[in-house]
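Top line first, the protein sequences correspond to chains G and F. In this text, residue positions in the first sequence follow the working numbering: the first is 66, and each later residue adds one. In this text, residue positions in the second sequence follow the working numbering: the first is 66, and each later residue adds one. Glycine residues also receive a C-beta, built at the ideal position from the N, C-alpha and C atoms. As the structure is a computational prediction, the values presented were derived from the model and not from experiment.
There are 2 protein chains.
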Amino acid sequence: MKIRQTTILVLLLLAVPLVAQLKVEKWRTFEIVLKGASGGNPFVDVQVSADFSNGAIKKTVSGFYDGNGIYKIRFMPQETGSWTYVTTSNVKSLRNKKGKFECISNAANNHGPVVVKDTFNFAYADNKPYYPFGTTCYAWVHQGDSLAKQTLQTLSHGYFNKMRMCIFPKDYDWNKNEPALYPFEGKPLTAWDYTRFNPAYFQNIEKRIAQLDSLGIEADLIVFHPYDRWGFKSMNRKTDDLYINYIIARFASYKNVWWSMANEYDFMNEKTMEDWDHFIKLFAEKDPYNHLRGIHNGSKVYDHTNPLLTHASIQNDETFKAKELRRKYKKPVVYDECRYEGNINWSWGNLTAEEMVNKFWRGVTNGGYVGHGETYVTENPVKWGNESSDVLWWSKGGVLRGQSQERIKFLKNIIESAPGYLRPVVNYEWWMPYSAVAYKDEYYLNYYNLDQPRSQIVNLPQKSKYKVEIINAWDMTITSVKGEFSGKSLIQLPQKPFTALRITKINK
Amino acid sequence: MKIRQTTILVLLLLAVPLVAQLKVEKWRTFEIVLKGASGGNPFVDVQVSADFSNGAIKKTVSGFYDGNGIYKIRFMPQETGSWTYVTTSNVKSLRNKKGKFECISNAANNHGPVVVKDTFNFAYADNKPYYPFGTTCYAWVHQGDSLAKQTLQTLSHGYFNKMRMCIFPKDYDWNKNEPALYPFEGKPLTAWDYTRFNPAYFQNIEKRIAQLDSLGIEADLIVFHPYDRWGFKSMNRKTDDLYINYIIARFASYKNVWWSMANEYDFMNEKTMEDWDHFIKLFAEKDPYNHLRGIHNGSKVYDHTNPLLTHASIQNDETFKAKELRRKYKKPVVYDECRYEGNINWSWGNLTAEEMVNKFWRGVTNGGYVGHGETYVTENPVKWGNESSDVLWWSKGGVLRGQSQERIKFLKNIIESAPGYLRPVVNYEWWMPYSAVAYKDEYYLNYYNLDQPRSQIVNLPQKSKYKVEIINAWDMTITSVKGEFSGKSLIQLPQKPFTALRITKINK
């Protein structure tokens with residue numbers, strides 16, 4: 066038996082303990098690899114798990130069958146110090162394997178998994194604030210290495226820190242190709258042995274999760290989705306559960322994993338509301354690390370008061386209503402989909418870059434978080450989506466053709482440099498559509514949408530002095546206003562859309 | 066006694082019948098002028114009215130005191146032919162005056178008053194369709210002749226066919242000047258004799274109503290409003306009723322009059338809901354011609370299911386919800402205020418011209434009607450609104466500085482040249498935000514907002530051929546698409562905001 070710290074290399078080794086001092090960084094994967102029988106159906110016949118201990122801290126983690134007689138148990142230690150483990154199994158050869166390792170402090174670029182912080186926000190496990198600025202490449206992991214490489218190259222520019230992606234392959238306009246691999250043994254389109262997973266399929270996804278992690282990007286994994294011609298949207302409960310247990314065992318030790326029960330859950334007529342409640346509960350019970358859990362809607366927003374949902378994952382383009390949803394759900398509000406920058410025939414993929422950027426600003430300055438997507442076609446004349454060979458970012462990844470991503474990064478930098486989590490300070494009314502967020506009385510960020518005020522009144526505390534900066538969210542400029550301000554102040558503005566004010570207390 | 070056909074000239078004449086054959090155009094004003102006593106308080110002591118007859122048609126119309134011992138009874142005949150009348154009064158000298166006149170056919174430019182047509186639309190009394198494209202100059206009648214002349218000059222360009230205007234003077238930012246005249250005898254600010262009107266005040270308003278009529282513009286008269294420092298918003302019920310009866314007697318014979326109970330009724334804490342119901346009822350009972358009646362809200366939309374309201378007068382910027390409001394109220398839906406093109410510090414007066422134009426198109430292509438307003442300041446630096454000498458169109462009239470009015474006229478021309486009233490054909494969903502209206506299967510107008518589709522699918526009837534034109538609502542261009550279309554068609558588009566499609570059946 067041997068142990069490794071990352072899951073990128075696949076080592077096939079005998080189950081013999083090593084005596085060397087093994088070290089694993091906090092929040093990285095410690096993996097036990099066991100050689101066992103490959104006869105019968107190891108996916109369903111064999112159970113294997115390990116009990117991990119570090120003083121009083123104990124954790125039991127399920128393993129999984131990775132093919133070729135190899136069983137793996139993956140563990141993400143959340144505490145430094147000496148850990149020991151012992152395996153349990155219904156198969157003798159996998160039982161009572163013991164070992165130990167040292168969990169060392171996390172490196173500077175490892176902040177651990179993201180958790181909910183102060184009701185409405187997120188932080189990494191090491192307390193560093195995390196502000197989601199996500200994007201969407203639903204089927205990027207199913208497009209082969211060459212396109213994935215290009216996708217990762219695009220992502221390396223740091224526009225985004227979250228990726229929504231489907232575990233199952235996708236069937237939809239601009240995504241009519243077959244995936245390179247299938248999740249089950251069998252033959253397309255629909256002759257699957259739902260009791261036998263295809264390990265290579267999941268190994269590929271693990272590789273992508275790890276690649277995203279190395280870029281500082283959270284992997285928001287979509288467990289089910291309705292865009293399917295292979296039958297994966299209509300598996301029975303037993304298969305669904307087997308699949309969920311399998312992906313938890315495989316993926317949960319990756320610190321950057323989030324669980325999204327579905328994309329557009331309400332467009333999946335094959336599932337009932339009871340199914341969704343069951344899945345949410347299953348993840349809550351089985352994931353040893355309590356990764357973030359969400360469920361994304363089509364037209365009918367899920368009831369996010371469900372206490373097992375960690376955050377509200379919303380599809381809707383009224384991102385300025387984030388504040389209302391905060392009040393309603395008492396959770397972080399993430400508009401994972403608010404339509405995409407693009408030019409396709411479908412109305413959800415037609416936004417100008419300006420509109421996309423505006424939706425980000427309105428969401429963020431109302432206390433929410435917003436997700437990006439891009440749907441540009443390039444063929445001339447445009448073809449029907451199911452006949453087109455265009456590669457659209459939203460579906461396959463590749464390159465970005467739009468203009469919003471740079472502005473999203475600009476906003477991300479502004480939010481990340483704020484002195485703390487920002488809370489909404491303006492009550493939204495249609496006739497008072499501007500938004501503002503603040504940190505205590507130290508910092509205000511006001512946003513005036515696509516309107517063109519030539520002045521604005523700001524009501525600042527009387528007792529302090531403030532400096533005022535005019536931001537243009539489109540031009541990506543930040544300009545200081547001459548003077549110091551306090552109380553009710555009329556600020557002269559440039560009469561341009563995308564105006565925001567950053568107001569910072571002067572400490573004397 | 067003498068009779069005149071228009072109310073612009075003020076003739077002071079003895080109450081002696083003339084024998085000459087008097088002619089009045091249908092829907093113009095026939096006015097009886099009677100000389101009577103000026104002692105006591107004629108405004109409250111004297112009642113005078115006339116019974117008009119044309120065969121079986123009978124109508125009783127109240128008169129009013131116009132100062133200097135002059136009493137007037139104004140009548141708008143709605144039927145051609147020979148009319149006779151006889152007066153009634155509690156004062157002997159005004160009683161039993163008889164006369165007759167011939168009502169002749171309306172001239173080509175006289176279409177009569179506007180009425181509701183086919184539940185959701187408007188037409189003139191002669192059946193010519195009327196599509197409201199309104200603007201707002203709340204206090205233009207109180208700014209003196211020179212500015213009024215400029216306002217009328219601006220309006221003569223034909224951008225608009227309705228004007229929202231207050232009867233009482235206005236007190237608000239950019240409108241802190243005293244009016245030239247006051248509606249009651251007494252002294253400003255608040256020492257009014259509420260039992261004595263100032264006829265010159267109302268004569269001035271009548272002049273403006275007639276000037277608007279000569280430009281083909283409906284006068285949407287606002288009876289009460291909250292922007293007041295003189296006490297007119299907080300008169301008692303008895304005074305309110307006296308005032309309403311007086312303005313009905315004076316103004317109702319002008320064919321282009323509409324009654325708007327209030328601007329922002331819900332911002333008038335001085336009035337109760339029962340007051341508003343009472344006023345609506347009073348107009349319905351007392352106006353002999355049943356002019357259109359509306360009530361305009363601040364934040365709380367009035368319950369327009371009230372059967373005495375002829376149309377829904379809405380303040381809200383979500384003009385795309387016109388279709389919902391049609392279903393709710395079963396009436397014409399007029400967004401009289403959806404924020405204004407401008408650059409002021411208040412969020413309701415900050416729209417870019419682009420946003421204003423977009424709100425018009427979204428309203429109209431969802432089966433509603435939309436109103437314009439403009440609030441540009443020019444001073445540099447900008448002053449507080451209550452210190453500024455800027456003249457803003459929305460308040461005082463004058464000139465237009467914006468860019469929306471030409472585009473509104475462009476849309477108006479498109480709608481007026483449609484083959485009939487357009488009804489909504491797309492159900493609005495946030496993820497399907499486009500709108501379309503149609504006339505039977507003959508004509509479709511689809512609008513794609515500020516999005517940038519490079520193609521769109523249109524679902525046309527299979528059995529006919531259609532020609533397709535691409536409209537750009539901002540550039541004001543209409544471009545034919547090559548070919549003829551039927552069934553489900555993918556139309557290539559220019560990937561620009563403000564794209565609309567006009568689709569017309571080819572009759573072969």
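Could you name the residues of the same chain whose beta carbon sits closer than 8 Å to that of GLY359 of chain G, not counting the 5 residues immediately before and after it, in chain order?
ASP285, TRP323, TRP324, SER325, MET326, LEU374, THR375, HIS376, ALA377, SER378, VAL399, ASP401
Tell me, please, which residues DSSP counts as bridged to MET230 of chain F.
F:LEU286
Close-in-space but distant-in-sequence residues of the same chain around ASN119 of chain F (CB under 6 Å, 5 per side omitted):
GLU144, GLY146, TRP148
Could you tell me which of F:PHE233, F:THR216, F:TYR330 sits nearest to VAL456 of chain F, measuring between CA atoms?
F:THR216
Take ASN423 of chain G and list the residues in its own chain whose beta-carbon comes closer than 7 Å to its own, dropping the five residues that flank it on each side.
ASN514, LEU515
Count the other CB atoms within 10 Å of the CB of SER454 of chain F; is the residue buried (16 or more) or exposed (fewer)?
Classification for SER454 of chain F: exposed.
Beta-carbon of LEU515 of chain G versus every beta-carbon of chain F: anything under 8 Å?
Closer than 8 Å to some Cβ of chain F, the Cβ of LEU515 of chain G qualifies, so yes.
Given that LYS379 of chain G touches chain F, what residues does it touch there, using C-beta distances under 7 Å?
According to the sequence shown, residue 379 of chain G is Ile rather than Lys. Per Cβ cutoff of 7 Å: no residues; ILE379 of chain G is ~11 Å from chain F at best.
I'd like to know if the segment 308 to 316 of chain F and the segment 359 to 370 of chain F are in contact, where contact means that at least 3 CB-CB pairs between them fall below 8 Å.
no
Let me confirm a value: VAL109 of chain F is counted as buried when at least 16 other C-beta atoms fall within 10 Å, else exposed. Which label applies?
So VAL109 of chain F ends up on the exposed side.
Can you check which of these residues, F:HIS356, F:ASP306, F:ASN133, is closest to TRP341 of chain F by C-alpha distance?
Closest by alpha carbon: F:ASP306.
Buried or exposed for GLN218 of chain G, please, with buried defined as at least 16 other CB atoms from any protein chain shown within 10 angstroms of its CB.
exposed
Within chain F, the residues that LEU555 of chain G reaches when beta carbons sit closer than 9 Å
ASN410, PRO446, VAL447, LYS448, TRP449
From this set, F:GLY281, F:ILE97, F:THR544, F:THR430, which residue's C-alpha is nearest ALA173 of chain F's C-alpha?
F:GLY281
Of the listed residues F:GLU439, F:GLY485, F:GLU507, F:ARG261, nearest to GLY199 of chain F (C-alpha basis):
F:GLU439
Contacts of ILE535 of chain F in chain G (Cβ-Cβ under 8 Å)
Simply none; closest approach about 14 Å.
How is TYR311 of chain G classed by DSSP in three states: helix, strand or coil?
helix
State the DSSP-derived secondary structure class of ILE73 of chain F, mapped to helix, strand or coil.
Summary for ILE73 of chain F: the model assigns pLDDT 34, below 50, so the residue's position carries little reliability; its value from the coordinates is reported in the next sentence. ILE73 of chain F falls in the coil class under three-state DSSP.
Is the separation between the beta-carbon of ILE536 of chain F and that of ARG488 of chain F shorter than 8 Å?
no
By the criterion of Cβ-Cβ separation under 8 Å, what are the contact partners of TYR499 of chain G in chain F?
The contacting residues are SER412.
DSSP state of ARG391 of chain F mapped onto helix, strand, coil
helix
Bridge partner(s) assigned by DSSP for VAL206 of chain G:
None; VAL206 of chain G has no bridge partner.
Min CB distance TRP496 of chain F to chain G below 8 Å
yes
8 Å is my cut-off, CB to CB: does ALA565 of chain F come that close to chain G?
Taking Cβ atoms only, chain G never reaches closer than 8 Å to ALA565 of chain F, which makes this a no.
Strand pairing of CYS403 of chain G, partner residues [DSSP]
Looking at the DSSP output, CYS403 of chain G sits in no beta bridge, so it has no partner there.
Quick one: which chain G residues come within Cβ less than 7 Å of GLN521 of chain F?
In chain order: ASN410.
So what's THR375 of chain F in DSSP terms, helix, strand or just coil?
THR375 of chain F: coil per DSSP, three-state reduction.
Below 8 Å on the Cβ atoms is my contact criterion, and I expect ASP236 of chain F with TYR292 of chain F to pass it. Report the Cβ-Cβ distance as a whole number of Å.
ASP236 of chain F to TYR292 of chain F, Cβ: 5 Å. Contact.
Simplified DSSP assignment, three categories, for ASP110 of chain G:
helix
Can GLN468 of chain F and HIS437 of chain F be called in contact, C-beta distance under 8 Å?
no
Determine the direct distance from the alpha carbon of ILE571 of chain F to that of LYS395 of chain G, and round the result to whole angstroms.
Here the alpha carbons of ILE571 of chain F and LYS395 of chain G stand approximately 57 Å from one another.
Would you list, in chain order, the members of the segment 417 to 437 of chain F that have their beta-carbon closer than 7 Å to a beta-carbon of chain G?
THR417, GLU420
Tell me the DSSP bridge mates of PHE95 of chain G?
Paired residue(s): G:PHE140.
In chain order, what residues of the segment 362 to 375 of chain G put their CB closer than 7 Å to some CB of chain F?
Contacts with chain F (Cβ-Cβ distance below 7 Å) from the segment 362 to 375 of chain G involve SER364, listed in chain order.
Extract the residue ranges of the alpha helix (DSSP H) inside the segment 436 to 485 of chain F, only unbroken runs of 4 or more that lie entirely within it.
458 to 461, 469 to 481
Which whole-angstrom value describes the C-beta separation of SER460 of chain G and ASN242 of chain G, a residue pair presumed to lie in contact below a C-beta threshold of 8 Å?
Not really, about 10 Å apart at Cβ, beyond 8 Å.
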